[in-house]
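**Student:**
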Amino acid sequence: MPHTSLSLNPHRIGVSTKVCQRGCWIRAGNVRPKKSLGQNFLANTSILQRITAAAKLAPGHVVLEVGPGTGNLTRCLLAQGASISAVEKDRRLITSLTQDFPQVNIIQADILTCDLEALLKQMTAGEFGNQRVKVIGNLPYYITQQFLEQLLPLGHLVSNAILLLQEEAALRLTQLDPGASDYRAMSVELQYYCRARRLFTVQKTEFNPVPDVNGLVVDFALYQPEDRAVANAEEFLAMVRQAFSTKRKMLRNSLQPLYDPCHIAHAMAAAEISDKVRPQQLSFESYVALYKALHY
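Per our numbering, residue -17 is the first one in the sequence shown, and the count goes up by one each step.
1) Leaving out five residues before and five after Y205 in sequence, what residues of the same chain have Cβ atoms less than 7 Å from its Cβ?
2) Name, in chain order, the residues that DSSP records as bridge partners for T183.
3) Identify which residue in A143, E217, N196, C244 has its Cα closest to the Cα of N22.
4) Figure out for me which residue from F129, D92, P207 has the closest Cα to the Cα of L139.
5) Please list the terminal residues of the continuous beta strand (DSSP E) segment that includes Q113.
6) Based on the DSSP secondary-structure assignment, which residues constitute the bridge partners of F83?
7) With DSSP collapsed to three states, give me the class of R9.
8) Quick check on the DSSP output: the alpha helix (DSSP H) that includes N26 runs from which residue to which?
9) For T95, is the classification buried or exposed, using 16 other Cβ atoms within 10 angstroms of its Cβ as the cut-off for buried?
10) From N190, R180, Q173, A253, pick the residue whose C-alpha is nearest to that of I33; which is it?
11) Count the other C-beta atoms from every protein chain shown that fall within 10 angstroms of the C-beta of V117, then say buried if there are 16 or more, exposed otherwise.
12) Going by the CB atoms, is the gap between L233 and P193 shorter than 7 Å?
13) Starting from I294, follow the beta strand (DSSP E) in both directions and report where the run begins and ends.
14) Hey, would you say A252 sits closer than 7 Å to A215, going by beta carbons?
15) Does the beta-carbon of F83 have 16 or more other beta-carbons within 10 angstroms, so that it is buried, or is it exposed?
16) Take Q157 and list the residues in its own chain whose beta-carbon comes closer than 7 Å to its own, dropping the five residues that flank it on each side.
17) Specify, as a first and last residue, the run of the beta strand (DSSP E) that S67 falls within.
18) Verify whether the separation of the beta carbon atoms of V115 and L102 is less than 7 Å.
19) If we ignore side chains and look at the alpha-carbon of each, how far apart do L198 and Y124 end up?
20) On the three-state DSSP scale, how would you describe Q104?
21) Do the CB positions of S65 and L46 come within less than 7 Å of each other?
22) If I follow the unbroken beta strand (DSSP E) through E267, where does it start and stop?
23) Figure out for me which residue from E254, D242, K258 has the closest Cα to the Cα of K231.
24) Excluding the 5 residues preceding and the 5 following T183 in the sequence, name in chain order all residues of the same chain whose CB lies nearer than 6 Å to its CB.
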């Protein structure tokens, strides 16, 4: 498959390949990881295969790989017979990726600024129209939350995302226990859009260059819109974000910019929520009950 027209013209670079001690092809020559792009390449074949296995791929499955880098994971995904599009921001890598993987749709773009929904729709057109995309990638820390905020609402196009994240960020992101220090609006939003499972840790020494912290692979299984706990995402998430905007206050006070105080009191009583509870003490299920009491 040719390099997509969405891409910029890549610079040609002299790049050689070699086999690393762990048995995986890696890039050498003039390509060095860019700190500004948060690049930490993974070259351990057994770990790459575990990530691939977690996606439960079969021939014909449609995959969007975010940040293929030097193509180590791409090679494992192709071995499962997947149809792959890969978005890579670093134009230095485009020529080698296109040459090494002619059957992959290589797109030179920033995943945060490209039209993700349009790309996913294009990937599932034609013969792939009856399936949702699997998203797989090793994400830099600095794009994690912003990328997920774009991806999670697209459950009608994406079945799940297998993402290798910075461990500390992944633990905060998937903190689902009310009252925990890391429990926040994103914790509730995540449960609204998907079921998140922490799969396994990747030691920091497996990356090149070695980062400061370990990695953690997380499986985000996205809900179809009709399977979400509340139909109106905009209203529900506006309520949650308003609640957490002043999370040190009592919940009944946090919500007052959106709702009448008497209405809040009646809804909290109907949902069996204490009038002394604070936003970070409320479970996802309780937020759903409160929303329904406020709106139905």
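Note that CB positions come from ideal geometry on N, CA and C, so glycine has one too.
**Tutor:** Quick answer:
1) Annotation for Y205: G137, Y175, C176 place their beta carbon closer than 7 Å to its own, counting only its chain and skipping 5 residues before and after.
2) Answer is L198, bridged to T183.
3) When each option's Cα is compared against that of N22, the closest is N196.
4) Selected option, being the one with the closest Cα: P207.
5) For Q113, no beta strand (DSSP E) segment is defined, and its DSSP state is neither H nor E.
6) Paired residue(s): none; F83 is not in a bridge.
7) Residue placement at R9 cannot be trusted, given a pLDDT of 47 that sits under 50; what the coordinates show is reported in the next sentence. In the three-state reduction of the DSSP assignment, R9 falls in the strand class, which pools E and B.
8) No alpha helix (DSSP H) holds N26; DSSP gives it neither H nor E.
9) Result: exposed.
10) Looking at the Cα atoms, R180 is the closest of the given residues.
11) Per the 10 Å Cβ criterion, buried.
12) Not in contact: P193 and L233 (Cβ atoms no closer than 7 Å).
13) There is no way to answer for residue 294, as the model of the chain reaches only from -17 to 278.
14) Taking 7 Å as the Cβ cut-off, A252 and A215 do not qualify as a contacting pair.
15) Buried, since its Cβ has 16 or more Cβ neighbours within 10 Å.
16) The beta carbon of Q157 is closer than 7 Å to those of D164, Y165, S169 in its chain, skipping five residues each way along the sequence.
17) 65 to 70 is the extent of the beta strand (DSSP E) around S67.
18) Yes, the Cβ-Cβ distance between V115 and L102 is below 7 Å.
19) Using only the alpha carbons, I get a separation of about 15 Å.
20) Helix.
21) Taking 7 Å as the Cβ cut-off, S65 and L46 do not qualify as a contacting pair.
22) Unbroken run through E267 is the alpha helix (DSSP H), 266 to 277; no beta strand (DSSP E).
23) Answer by Cα proximity: K258.
24) For T183, where only same-chain residues beyond five positions count, the Cβ hits under 6 Å are N196, L198.
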